[in-house]
Amino acid sequence: MDFSEEDRPYEEIIRVISPPHCARGPHGCDECAEAAKIKVICLVRVYFDPGQFARPLMELSKDGDTSYYEFDVVRRFENEAEAVKYALDNGIEDMEI
Ligand SMILES: [Zn+2]
Numbered sequence: 735m736d737f738s739e740e741d742r743p744y745e746e747i748i749r750v751i752s753p754p755h756c757a758r759g760p761h762g763c764d765e766c767a768e769a770a771k772i773k774v775i776c777l778v779r780v781y782f783d784p785g786q787f788a789r790p791l792m793e794l795s796k797d798g799d800t801s802y803y804e805f806d807v808v809r810r811f812e813n814e815a816e817a818v819k820y821a822l823d824n825g826i827e828d829m830e831i
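In our numbering, the protein residues as written are 735 to 831.
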């Protein structure tokens, strides 16, 4: 993982997603296609500015606008209770599980 872009604006949110295997995505990579079948509750770091490295994109509604944003999966939760506890402990306000 590369931390040199941490000064980019980002927000951490919790979503049920299929964590991608790599940036190629399910259409370019068999392992991503396998990964796309599994839904996991994840802490996702969403970047609002484009970066210099290829990252997977996720569709996200923010303030009524739907757009595609680069993201990193920061953490995977075992269950809803774990996700809710993390959100409370860390002030995560944007959670859809
Ligand atoms: Zn892949």
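Idealized CB from N, CA, C, for every residue including glycine.
As the structure is a computational prediction, the values presented were derived from the model and not from experiment.
- Item | Pairwise C-alpha distance: Val780 and Pro754 | 14 angstroms
- From the DSSP output, in three-state form, read off Asp783 for me. coil
- Message: What I want to know is whether the C-beta of Cys776 ends up closer than 8 angstroms to one or more non-hydrogen atoms of ligand 1.
- Response: no
- Using CA coordinates, which residue listed in Asn813, Pro760, Ala817, Glu816 is at the minimum distance from Pro790? Pro760
- Given a cut-off of 9 angstroms, decide if Cys766 and Ile748 are closer than it, judged by their beta-carbon atoms. no
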